[in-house]
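Protein sequence lines correspond, in order, to chains A and B.
FYI, my numbering numbers position 579 of the first sequence as 579, with every residue one higher than the one before it.
FYI, my numbering numbers position 344 of the second sequence as 344, with every residue one higher than the one before it.
Glycine included, every Cβ here is placed at the ideal spot set by N, Cα and C.
If you're wondering where the values come from, they're calculated on a predicted model, not measured in any experiment.
Have a look at the structure below before the remarks.
There are 2 protein chains.
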Amino acid sequence: MENIFATRVEAIRAMMREHGWDAVVLTGSDPHASEYPARRWKQVEWVSGFTGEAGDLCITLDHAGLWTDTRYFIQAVKQLSGTGIELHKMRVPEQVPIPQWLSSQGFPEPVIAVDGLCQTVSAVAALKAAFDVPVTVVSVPDLLSPLWQDRPAIPSTPVITLGEDLSGESRESRLHWLRKWMILHNLDAVFLTALDEIAWLLNVRGSDVEYNPVVISYLLVTLEDVLWFVRKDDYLDPDEETVASFAEVEADEVTVCDYSEVCLAFSTRVSDEVQRIHVDPDSLNLQIRECLDECAFDVVEGPSPVPLRKAVKNAVEIEGMREAHLEDGLAMEKFLYWLEGQVGQVDEWEAACKLQSLRAEIPGYRGDSFETISAYGPGAALPHYVTPRENAPVLEPHGLYLVDSGGQYLFGTTDITRTVPLGPCTALEREDYTLVLRGHIDLAMSVFPAGTAGCQIDLAARAPLWQTKRNFGHGTGHGVGFFLNVHEGPQDVRQNFNAQPLLPGMILSDEPGIYREGMHGVRHENLVLVREDGSNDFGTWYAFETLTLCHIDTSALVPDLLTPAETAWLNAYNERVFRTLSPRLPAPVVAWLREKTRAV
Amino acid sequence: MENIFATRVEAIRAMMREHGWDAVVLTGSDPHASEYPARRWKQVEWVSGFTGEAGDLCITLDHAGLWTDTRYFIQAVKQLSGTGIELHKMRVPEQVPIPQWLSSQGFPEPVIAVDGLCQTVSAVAALKAAFDVPVTVVSVPDLLSPLWQDRPAIPSTPVITLGEDLSGESRESRLHWLRKWMILHNLDAVFLTALDEIAWLLNVRGSDVEYNPVVISYLLVTLEDVLWFVRKDDYLDPDEETVASFAEVEADEVTVCDYSEVCLAFSTRVSDEVQRIHVDPDSLNLQIRECLDECAFDVVEGPSPVPLRKAVKNAVEIEGMREAHLEDGLAMEKFLYWLEGQVGQVDEWEAACKLQSLRAEIPGYRGDSFETISAYGPGAALPHYVTPRENAPVLEPHGLYLVDSGGQYLFGTTDITRTVPLGPCTALEREDYTLVLRGHIDLAMSVFPAGTAGCQIDLAARAPLWQTKRNFGHGTGHGVGFFLNVHEGPQDVRQNFNAQPLLPGMILSDEPGIYREGMHGVRHENLVLVREDGSNDFGTWYAFETLTLCHIDTSALVPDLLTPAETAWLNAYNERVFRTLSPRLPAPVVAWLREKTRAV
């Protein structure tokens, strides 16, 4: 019996032969360069069966490869078995990315086909730059559609708007800011592709992408007009709130246009008014770039200004995030209380479902912010473990259980990881547990001068691990949106160079870990807010405020490994969690939490 | 009475009017982009009176400015007083470098004159890039010579060679390595400008630049020939060793040519053999770049491969550096012992002289590695304080004395800073002393995975300071040469991004500080060697070995501020210093050092 994925690769090769393409490159993203795409764009999964959240395919007539990073190697080997597709490892020293690999294949006049909707301008530029010879990149929108019979449609989920009471700033004010930026940079228009940038600018939210409360759309802002290209007409029987949302946006002088008419609009609606138009090549897709060229605009490529301003939360957003973490913390504590009574009886999947049901009780809950990682023992050694729905491992009364989860609320977004000792732990588990906690605490306690970038303080979280020759292969912290994507830029905390200074109002995760294949995994994650912390002769100082409110278990701790300052932080944090949450928890949970938060 | 420097600026303006130049830019460097130039090229000092080690001048018809960094602001204000030359601050957030400043001056068709010998290709490219309009950069070799009557000649000091017993590698082997690199990169020739690169490659040393044991020269390496352009003919009555050195180098098939004939040689000697020639635009000067263009070479610009290989010391160099630190440590301890008896009687200058005289007794001593900073009290608050020869402050029996010094030995180079409590210290002095020591120790104790760059561990030295909102404005560590420049790349430890990973065999300084204007300064500096420190599941690990051997005074310590690990490091270090040095110190010094190194 032929492997279904091998068959699909062969079908793509038939297209290649028909059109004279040397290679087809497919990404795991959508026309908006989203980190996670809607099902319609899970092209890599459809072709290869690989379900990891990061992976690209490159197919030639005699080779098919999946490029993915360290997080997914084990999973990829399993899922690619029998497909004939080979794993190409990324984020390893000897990595050969797709452009470099393709350039080494010796095509005399390479013709490479891509789905022009799902390939960014930057990616195409990188592809071409890898070759010494001229390359023809053929942009084929929806390249897979002829082969993918039951391909899902573009989603069009209900749309809501956020008032100033929630967002802290009107869309009018945000558009005004963007237009001031345009004038300063001598631009007639800005074209936005990234879904979270559009959602933030227009104060709209949807659920077109799982876990990301966005509306699939493009946005064109000129000095006179705002054109929002969205699938409004696909809402055959729209709910009342969606109708009202579109009406509200239109009342603010935003013209709602059809998603499919974006290229048409360039020539028919704005070509007189617009000459210099700004696009971000890291999110703009090739198809639209080619449309812009056809209209003979003066296209200015550069980073969008939206992510930085979006990353610096205003006072209302910060208050909302605090509220979200209070509610989320109550759900987490109820979950952990429940969990303790269920050890030996529930499996990873059931635990994840219980947690979701507790979050779902929170008023304003709009879904999880990503797929919960509920992992016991060896599963937790995979930083991006996917909990199986069936036959998931049962939580046993020993060792470590890791749960990484978060919620989307109308008033904020959460992301928390707790590693929970379920009973006796090995010495190595306890040491790893404690050292990762040291890393977490040391970063949380960091004080740093204005101008410091995240990569300049990443060591705080790693040094306690490095001292004992342990390490982890993922970033220490990512930006988090306000009721938006749980991963957002431009700031982060990681080893890689990123010149973006941390600014007051930015929110980041603090999540070091240790992973031991086949044994266990530890990760401790809170969200932190960058805050001003005074000025003196040496300059202005910033520090973090921890937003997450959920106790950190001390039963697996090796207290002697903590410094006095770390111990003080831990005790103060657990006490703050108890005092803040206990007034709103049921009596048995309060009594339990009192014990859990006793000072060490 | 007209200020002499104002007169010189006016003389330059007269030249500008005569030639139709809009601006003249002068650097503080030499034709080899040396960090410190010989006196002949102290052009900035001759024009402006500013004696700081980093400063550039830009003169227009209506403005004269000196561009220098934070280290020299106070000094510059003093020295520029009355000259009419204004200070432009660099390494501050609002800095406007010369190219950007010039481009804002509104010259319609700017003509900028530079001393083409003392301006690098990179600097000229940066100058041009800052303008929206085309710029004419006029290269005038020795631009100042018509005005500078008694301008010093190019120095030609005695030349020595290092045998393999000292350098660990023959010049033949080094040339062989360079030629392999050339072949790999499809090059016919490499042209080297940087003096320490040439000295390393040829195993030669001189003293043409104060503190830097180099020979002013250029080097052209082809696959067949090695042409060393040096001022051999200027040695009218050369000493025996110099004669032998030239003979030895020539015996190794290096052709010694005249320094002034480098451009001539391009056309007459190698133009048949050489097409693709590699140059480093960060060290090559404009004048030679223009010569290369005239010869129609295919010039490949890129970083020279020499600095990285030079930075990774071989086993013989490492052994030599250990030996140098042992000898240097003995001199330092004798100095500190002497100093304790002299407090209240000697001034900063006399102390510096005493230290130099002790180093000079060491066999193989070839001079200091930089000008000793001998600074008591407020003077030490200037990280680059210049000790006055006359009326220097007397060392009083209270507060902190800082001495930053080093030696050049045939078998290595040292660089050490000790901050010495001379009696009772204020609480702030003690705290600063202790916190800087924490930073020093934490960096020295760092363990880090292979691939880590210095900027990724810089936080180790700063975090203890940042936690109490203190900081310092200079780098934490610089590379150190083997009997070569005390500052060398490509590695460093600082906040600025530098992708160069630290590699086993690299030597760096570890020198955090705190500076309080008008009060005191603290800096603790040892040199450290990067060493392999084992491998495990998480990868390969590196750590530092401290090379410097001189006790760290504990009398000003606030022991409670140290962590147990830091205290253990300090005690172990002081004990190691005692055990290593005491067999070679006079009895009274041994007894004194025993007390000084008692565990805290």
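For F229(A), none of the residues of chain B pass the 7 Å Cβ criterion, the least Cβ distance being about 35 Å. Only residues of its own chain outside the window of five on either side were considered, and among them V343, G344, Y376, G377, L422 and G423 have a CB closer than 8 Å to the CB of E396(B), listed in chain order. Secondary structure of R205(B) (DSSP, three-state): strand.
In chain order, A54, M90 and R91 place their CB closer than 7 Å to the CB of D69(B), counting only its own chain and leaving out the 5 sequence neighbours on each side. Here A324(B) has Y409, F411, G412 and T414 as same chain residues with Cβ atoms under 6 Å from its own Cβ, once five neighbours each way along the sequence are excluded. Contact check for L57(A) and L26(A): beta-carbon distance about 4 Å, within the 8 Å limit, so the pair qualifies. Residues of the region 486-508 of chain B whose Cβ lies closer than 8 Å to any Cβ of chain A, in chain order: Q495, F497 and A499. Under DSSP, T452(A) forms no beta bridge with any residue. Per the coordinates, the alpha-carbon of Q105(B) lies some 46 Å from the alpha-carbon of E273(B). The C-beta of L459(A) comes closer than 8 Å to at least one C-beta of chain B. Fully enclosed beta strand (DSSP E) runs of no fewer than 3 residues occupy 507-510, 513-516, 520-523 and 526-536 of the region 495-541 of chain A, in order along the chain.
In the structure shown, T417(B) falls within a strand segment according to DSSP collapsed to helix, strand and coil.
Contact with chain A is found for T563(B), since one of that chain's Cβ atoms lies less than 8 Å from the residue's Cβ.
Counting along the chain, the unbroken beta strand (DSSP E) around E488(A) starts and ends at E488 to V493.
I112(B) is bridged by DSSP to A23(B) and V137(B). The continuous stretches of alpha helix (DSSP H) do not include M445(B), and DSSP gives it neither H nor E.
In this chain, the beta strand (DSSP E) harbouring S405(B) covers L400 to S405. No Cβ-Cβ contact shorter than 8 Å links L143(B) with V135(B). Secondary structure at A130(B): coil, using DSSP grouped into helix, strand and coil. Using beta-carbon distances, K89(B) does not count as an interface residue toward chain A, since no partner is under 8 Å.
Taking 8 Å as the threshold, the shortest C-beta distance from A463(B) to chain A falls below it. Bounds of the beta strand (DSSP E) holding W228(A) are V226 to V230. According to the DSSP assignment, R276(B) belongs to the beta strand (DSSP E) that extends over R276 to V279. A direct Cα-Cα distance of roughly 20 Å separates F131(A) from M16(A). Nearest CB-CB separation between N3(A) and chain B: not below the 8 Å threshold.
T597(A) places its beta carbon less than 8 Å from that of V577(A). Chain B places no beta carbon closer than 8 Å to that of P303(A), leaving this residue out of the contacts. Assignment of Y211(A) by DSSP, reduced to helix, strand and coil, places it in the coil class.
Taken through DSSP and simplified to helix, strand or coil, E86(A) comes out as strand. Sequence-distant partners of S446(B) (beyond 5 residues in either direction) whose C-beta falls short of 8 Å from its own C-beta, in its chain, are I457, A460, A543 and F544.
I362(A) carries a coil assignment under DSSP once its states are collapsed to helix, strand and coil.
One alpha carbon belongs to D404(B), the other to V279(B), and they sit about 35 Å apart. Taking the beta carbon of V92(B) as reference, no residue of chain A falls within 7 Å; the closest one sits roughly 11 Å away. The way I'd put it, the region 259-267 of chain A does touch the region 198-218 of chain A; three or more beta-carbon pairs between them come closer than 8 Å. In the three-state reduction of the DSSP assignment, Q287(A) falls in the helix class, which pools H, G and I.
Straight-line spacing of the CA atoms in V243(B) and F297(B) works out to 34 Å.
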